[in-house]
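To start, the structure itself, in structure tokens.
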Amino acid sequence: MAENPSHALFRLIPSVDRLWADPSFGRLKEQYAADLLKRMLRLALDRLRLDILEGRAGEEDCRIPAIVARTAIVAGQRLGSTLRTVINATGVIVHTNLGRSPLSPSVTQRIVQAAESYSNLEYNLEEGRRGERNAHLRQLMQELTGADGALAVNNNAAAVLLALSSLAAGREVVVSRGELIEIGGSFRIPDVMARSGAILREVGTTNRTHPRDYVQAINENTALILKVHTSNYRIVGFTREVELEELVSIGRERNVPTMMDLGSGCLVDLSPYGLAEEVTVLQVIASGIDVVSFSGDKLLGGPQAGILAGRADLIEQMRTNPLARALRMDKLTLAALEATLEEYTRPDGSAEGIPTLAMITRSPEELQEAADSLAAAIRERLGAAAQVSIEPGAGRVGGGALPMSDLPGPRVAVHPRHISAARLEQGLRSGNPPVIVMVQENTVLLDPRTLLHDQASLIPELLAAALAGN
Ligand SMILES: *Cc1c(COP(=O)(O)O)cnc(C)c1O
Numbered sequence: 080m081a082e083n084p085s086h087a088l089f090r091l092i093p094s095v096d097r098l099w100a101d102p103s104f105g106r107l108k109e110q111y112a113a114d115l116l117k118r119m120l121r122l123a124l125d126r127l128r129l130d131i132l133e134g135r136a137g138e139e140d141c142r143i144p145a146i147v148a149r150t151a152i153v154a155g156q157r158l159g160s161t162l163r164t165v166i167n168a169t170g171v172i173v174h175t176n177l178g179r180s181p182l183s184p185s186v187t188q189r190i191v192q193a194a195e196s197y198s199n200l201e202y203n204l205e206e207g208r209r210g211e212r213n214a215h216l217r218q219l220m221q222e223l224t225g226a227d228g229a230l231a232v233n234n235n236a237a238a239v240l241l242a243l244s245s246l247a248a249g250r251e252v253v254v255s256r257g258e259l260i261e262i263g264g265s266f267r268i269p270d271v272m273a274r275s276g277a278i279l280r281e282v283g284t285t286n287r288t289h290p291r292d293y294v295q296a297i298n299e300n301t302a303l304i305l306k307v308h309t310s311n312y313r314i315v316g317f318t319r320e321v322e323l324e325e326l327v328s329i330g331r332e333r334n335v336p337t338m339m340d341l342g343s344g345c346l347v348d349l350s351p352y353g354l355a356e357e358v359t360v361l362q363v364i365a366s367g368i369d370v371v372s373f374s375g376d377k378l379l380g381g382p383q384a385g386i387l388a389g390r391a392d393l394i395e396q397m398r399t400n401p402l403a404r405a406l407r408m409d410k411l412t413l414a415a416l417e418a419t420l421e422e423y424t425r426p427d428g429s430a431e432g433i434p435t436l437a438m439i440t441r442s443p444e445e446l447q448e449a450a451d452s453l454a455a456a457i458r459e460r461l462g463a464a465a466q467v468s469i470e471p472g473a474g475r476v477g478g479g480a481l482p483m484s485d486l487p488g489p490r491v492a493v494h495p496r497h498i499s500a501a502r503l504e505q506g507l508r509s510g511n512p513p514v515i516v517m518v519q520e521n522t523v524l525l526d527p528r529t530l531l532h533d534q535a536s537l538i539p540e541l542l543a544a545a546l547a548g549n
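All letters in the sequence shown, in the order written, are residues 80 to 549 by this note's numbering.
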């Protein structure tokens with residue numbers, strides 16, 4: 080009986096011991112711990128046997144150099160980091176899936192300093208004793224927002240959780256039915272409320288909530304009136320919402336604190352850039368609201384963080400809640416957040432040191448120029464393989480901020496002649512670095528607004544590689 084050809088190939092594979100002793104494993108042995116590398120070698124051999132059985136591997140693949148190469152690939156896949164830099168050509172600035180706000184070198188430098196050395200994180204240098212982590216941000220936040228107290232935690236979801244737990248556990252929180260939001264699938268006001276131990280007291284209807292709805296809901300067990308920014312949607316048509324000032328006076332008359340979950344947390348007026356509808360943190364505090372919470376990495380343009388600002392006594396209640404320890408911000412983020420807030424103290428309105436703001440406020444002329452030169456470079460590199468044009472388009476702030484506001488600007492449209500746009504998109508996504516794009520009507524769209532530093536110059540070659548299928 081003729082022997083199964085797979086078995087003949089199996090016999091060509093050297094033993095693990097022989098492979099391990101072979102000098103050609105030397106370089107990998109320098110790179111990886113021995114026990115891990117040996118496991119990678121065994122995995123590589125398992126894959127090789129499978130490939131042989133399925134007819135994908137032959138004699139050549141059973142030789143030592145091929146097995147070393149196979150082991151290196153397996154090790155790279157299983158022992159390497161998977162978090163990679165990508166190029167965001169979508170025009171969505173605060174792109175939650177792509178890491179929200181990028182930071183400027185002036186900010187990242189401070190992260191490095193805080194990381195590489197000891198610091199006075201929780202040490203009072205004047206008095207030579209234990210200090211308070213939160214003291215670092217308090218002064219700066221007070222000056223920038225007008226709030227008496229401030230506290231920073233891991234993210235805005237944590238800030239809302241901490242505020243509800245500190246101010247309203249076991250008691251009622253009044254919220255309009257039009258504001259029971261869900262952000263990104265996992266942050267839902269009713270769920271966060273339940274986790275905090277507070278009791279949700281819904282008032283009004285989806286489209287209309289009146290002052291009397293709040294007033295009627297307030298009783299001796301009411302701990303808080305909460306207003307939530309409907310970050311990622313708008314209710315339009317026959318609507319009524321109660322304005323901040325009205326809520327504040329309802330709360331004050333009845334001695335019930337008020338809070339706003341602002342979501343994005345913009346510190347500067349963006350109306351000169353056609354984004355008029357966003358209320359700033361300063362305006363919210365000036366309305367008399369007792370507590371406001373917002374994200375560090377949305378419109379603020381800093382690191383992931385949740386900031387609570389407002390009445391000092393309420394902030395102190397949150398700071399001393401045991402949950403605060405679990406939700407606290409680490410020193411690297413603290414360094415980045417401080418540096419970001421410092422950018423807002425500069426005379427030029429901060430856009431230089433805050434890439435998110437710089438991208439929002441890029442001028443039409445600058446964007447047109449960027450689109451023109453990108454299109455020219457792509458045309459030159461791709462030649463007849465694609466049709467390249469410039470189309471009017473619109474970027475977005477993203478991150479659940481300003482859902483109705485487009486940021487008009489030109490986009491470079493690449494229509495491949497020999498493959499589909501979907502294939503080209505996939506090729507770009509698997510490039511090095513990956514490029515993330517929008518696809519519309521068999522065309523790949525590249526928005527220059529979200530291309531950082533020298534990234535535009537990489538795109539023609541990455542497109543060529545994606546078209547060539549490698
Ligand atoms: C984005 C957002 C959150 C969640 O903030 P994270 O910083 O992502 O945790 C909560 N509330 C509102 C209104 C938001 O827009």
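Think of the CB as a built atom: it goes at the ideal place given N, C-alpha and C, for glycine as much as any other residue.
Asked                                                                                                                                         : Found
Among V252, S275, R291, which has the Cα closest to the Cα of T337?                                                                           : V252
Among T161, A248, T150, whose alpha-carbon lies nearest the alpha-carbon of Q396?                                                             : A248
Between the alpha carbons of M339 and R490, how many angstroms are there, rounded?                                                            : 37 Å
Mind checking whether G375 and I368 have CB atoms under 8 Å apart?                                                                            : no
Assuming A60 and A229 form a contact by the criterion Cβ under 8 Å, report the distance between their Cβ atoms to the nearest whole angstrom. : Residue 60 lies beyond the residue range present for the chain, which begins at 80 and ends at 549; the question has no answer from this structure.
What did DSSP end up calling K306 once you bin it into helix, strand or coil?                                                                 : strand
Candidates S185, L378, E431: which alpha carbon is nearest C345's?                                                                            : L378
When you measure from the CB of S265 to every non-hydrogen atom of ligand 1, does any distance come out below 7 Å?                            : no
Per the contact definition of three or more C-beta pairs closer than 8 Å, is the stretch 205-223 in contact with the stretch 347-358?         : no
Could you give the residue range of the beta strand (DSSP E) that holds D340?                                                                 : 337-342
For the candidate residues E324, E258, L341, T435, whose alpha-carbon lies nearest to that of A238?                                           : L341
Look up G510 in the DSSP assignment and say whether it is helix, strand or coil.                                                              : coil
Buried or exposed: where does A492 fall if 16 or more other Cβ atoms within 10 Å of its Cβ makes it buried?                                   : buried
Rounded to whole angstroms, what is the Cα-Cα separation between L524 and S310?                                                               : 26 Å
Consult DSSP for T301 and reduce its assignment to one of helix, strand or coil.                                                              : strand
How would you label S536, buried or exposed, when you count the other beta carbons within 10 angstroms and need 16 or more for buried?        : exposed
Can you give me the start and stop residues for the beta strand (DSSP E) that T522 sits inside?                                               : 522-525
Sorry if obvious, but does the Cβ on H497 come closer than 7 Å to a heavy atom of ligand 1?                                                   : no
Check each candidate in V370, E357, R319 and name the one with the smallest Cα separation from V327.                                          : V370
Would the stretch 318-325 count as touching the stretch 260-272 if we require 3 or more Cβ pairs under 8 Å?                                   : no
So does the stretch 392-408 actually touch the stretch 197-204, counting three or more Cβ pairs closer than 8 Å?                              : no
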